[in-house]
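Protein chains in written order, with our numbering: chain H, 659 to 1060; chain W, 659 to 1060.
Here's what the structure looks like:
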């Protein structure tokens, strides 16, 4: 008997009709001979509405109370999903994070999973039930309600798929797969049949917005195959799997654009050990997520360090940087906001040269100036003027014949 | 150091402003030297909205899943209340029914409290915190989420007041106390300073609508004094306490009118043991709450039995009665819908005669025909034509000089 985990995001359970549609997919999986676990997010914009409520009370909510508040969203969905499956004539039971025994540390609003017990789920499966689990939430060892961070229902689903040794985990969402570029911006973008974990990690961090990195890391670590597909169409979707040989024959799997970034450049840093560490630990203490970091030495003992961060964190970032500037006598700081970042991703890069060249030439031909460049083993990113973003995405996509 | 339980109903926490106002009352109680427990309901119409959601999915939700769904309402309120108190500079913590250790039986949607642990609340009080508890909810010994029935946040509050040996329990609501009659219908109605548990029990069952009977029964059993007062004004409110001697000098404490009733009359019942029992067990199996029951013998071996039930249960009632009529060969059944019921309540009746007389005369003088009569030790009720309801309430109120 197979075991599958199906995860439905907020847009896929936003209304009673959509919940019924999701229930049907789970029932089909059960009839096909699987034990089924469903992981759900809060319905539609519920989490935002709850955050707005808390914002009406205070702009400094305690993290513990935020978790108490936000976990209600998923709890609503699981109960309705159980009702929908039962109404369609099948057995189902809803379980909160605490009830399945998803134990986390005590770091409210960004807790880490420590352990997932499987006895309750196993028992319900033995009783022939479809098990519906509230994503995003857990409890610490004291029974305090915790959350795994925004968007972490994917993490719940992948973690469950790992501990239950599921055949695969299907992520139902509002797109029908992973494309070579965002199809809203590049009409010729093609859907991929498969993509490797590493490529998807780079795509996700570039704002492809389909899955959270943490969930993909989980899947990679435990080798859980993921299928990303639409909750409303029957289109085939994209598999996220470990790297297979044929992937290397494809030079570039996708091109992505981020527009929500700001860039800080700190000039004249004394080039001595510990400086950069002190900067980025100060930033990370404020829970600001830093995107790429670039550092160059000016050859005279001073360094220029630049980093990109999300535009949403700009105000907090500026405060931290101003403080750091005082401490370290940094006299020149530039903040560019917004900037755009265009990236190409592909495991094929490892064994093929010329990818950077193709990308830079395509941008040059379109008269797009490159502000700075960063690379990883399977990614090349160029930071460019925000006005050039859409054009850059299109010309790079075309250059790689995607 | 004192100990007080403050309960805020849905209308008293319907908005962020009202939650802040409620928080201030709790803070004042703390500053006055009390350990404070707050029990809250779901905000405004939240429970109705959640029920509507479930209604969009199915008209036969599983009771367990309904509990999973509805308990989110109170969980939202407790977290926001904790944030509001913290924002006002005081320490607070929100706790679900499960977290305080409110253990119930497994009867979902109408669970009974089996035990309330106090160690968690005691600990939080020792840490100087105001403790905010989600009303209406608990868990069974398996950790399944249960609810105590609609409106049962009052029950949670009184039960907590009992186990914590609180000095009293304040029920904050949208009226400023208990009146001799509904002030919307009898403008001259006067607010009572105090009323006995028994009188309040009769008033509540007559639809005074301020508190649930079960909560008052709890208070009576454990002798917890209740103060009913407004959450938005400083008006003094009404104490619900055990009977004290001075209460007996007042003939009648209040007059009440119910308009939401239907009456069934079953004629020609064979007057033998077990018939009535079988009728009312069939009705109660459908969770139909029967109001008053009247039975008379016709002197020839046949009985006429009538009962009143809420108009909302009419359709289900008719089905049950039709089935019973078949089984017991009852050939004549009359259903009057709607009917009204006017009642006078007062512990003074026990030691004074003439109350019935005064009531019947007042109705007669106003040409209100009495369809049937029931009495308890401290109540007299007359079932009348619905068109006479308002008039009957006014003339009876006046007759007792309230």
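All C-beta atoms, glycine included, are put in the ideal place defined by N, C-alpha and C.
Taking each of H/902, H/907, H/951 in turn and checking the Cα distance to residue 922 of chain H, the smallest one comes out for H/951. Take residue 1037 of chain W, set aside five residues on each side of it, and the residues of its chain with a beta-carbon closer than 6 angstroms to its own are 860, 1001, 1003, in chain order. Distance from the CA of residue 929 of chain H to the CA of residue 876 of chain H, rounded to the nearest whole angstrom, comes to 36 angstroms. Look at residue 684 of chain W: its C-beta is not under 8 angstroms from any C-beta on chain H. In this chain, the alpha helix (DSSP H) harbouring residue 676 of chain W covers 674–689.
Closest option to residue 714 of chain W, judged by alpha-carbon separation, among H/1039, H/735, H/899: H/735. Here residue 974 of chain H has 944, 946 as same chain residues with Cβ atoms under 8 angstroms from its own Cβ, once five neighbours each way along the sequence are excluded.
Closest by C-alpha distance to residue 901 of chain H, out of H/939, H/927, H/833, H/858, is H/858.
For residue 723 of chain H, a Cβ of chain W is located within less than 8 angstroms of the residue's own Cβ. Residue pairing by DSSP leaves residue 724 of chain H without any beta bridge partner. Per DSSP, residue 933 of chain H lies in no beta strand (DSSP E); the unbroken alpha helix (DSSP H) holding it starts and ends at 933–943. Look at residue 737 of chain W: its C-beta is under 8 angstroms from a C-beta on chain H. In the three-state DSSP reduction, residue 968 of chain H falls in the strand class (E or B). For residue 1048 of chain W, the enclosing alpha helix (DSSP H) stretches over residues 1047–1057. In this structure the stretch 731–745 of chain W touches the stretch 789–802 of chain W; the number of beta carbon pairs closer than 8 angstroms is three or more.
For residue 755 of chain W, the enclosing alpha helix (DSSP H) covers residues 755–758. Straight-line measurement puts the Cα of residue 779 of chain H at about 16 angstroms from the Cα of residue 827 of chain H. Within its own chain, the residues whose Cβ lies closer than 8 angstroms to the Cβ of residue 981 of chain W, once the five positions on either side in sequence are excluded, are 940, listed in chain order. Between the beta-carbon of residue 743 of chain W and that of residue 681 of chain W there is about 5 angstroms, and that keeps the pair under the 8 angstroms contact cut. Counting only Cβ-Cβ distances below 9 angstroms, residue 699 of chain W has no contacts in chain H at all, with the closest Cβ about 14 angstroms away. In the DSSP assignment, residue 796 of chain W falls within the beta strand (DSSP E) that extends over 795–797. In this structure the stretch 760–768 of chain H does not lie against the stretch 756–767 of chain W, because fewer than three pairs of beta carbons, one per stretch, are closer than 8 angstroms. Within the stretch 728–757 of chain H, those residues whose Cβ lies closer than 7 angstroms to any Cβ of chain W are, in chain order, 730, 733, 734, 736, 737, 738, 740, 741, 742, 744, 745, 752, 757. Close to residue 677 of chain W, with beta-carbon spacing below 7 angstroms, are these residues of chain H in chain order: 715.
Taking every protein chain shown into account, the CB of residue 937 of chain W has 16 or more other CB atoms within 10 angstroms, so this residue is buried.
Closer than 9 angstroms at the C-beta level to chain H, one finds no residue of the stretch 842–861 of chain W. Against chain W, the CB of residue 835 of chain H has no partner CB under 8 angstroms away; the residue lies outside that interface.
Listed as beta-bridge partners of residue 1032 of chain W by DSSP are W/1039.
Between residue 754 of chain H and residue 805 of chain H, the gap from beta carbon to beta carbon reaches 8 angstroms or more. Comparing alpha carbon positions, the residue from W/1015, W/996, W/962 closest to residue 990 of chain W is W/962.
Around the beta carbon of residue 905 of chain W, 16 or more other beta carbons lie within 10 angstroms, which makes this residue buried. Not flagged as an interface residue toward chain H: residue 672 of chain W, since no C-beta distance is shorter than 8 angstroms.
With contact defined as three or more Cβ pairs closer than 8 angstroms, the stretch 871–891 of chain H and the stretch 682–701 of chain W are not in contact.
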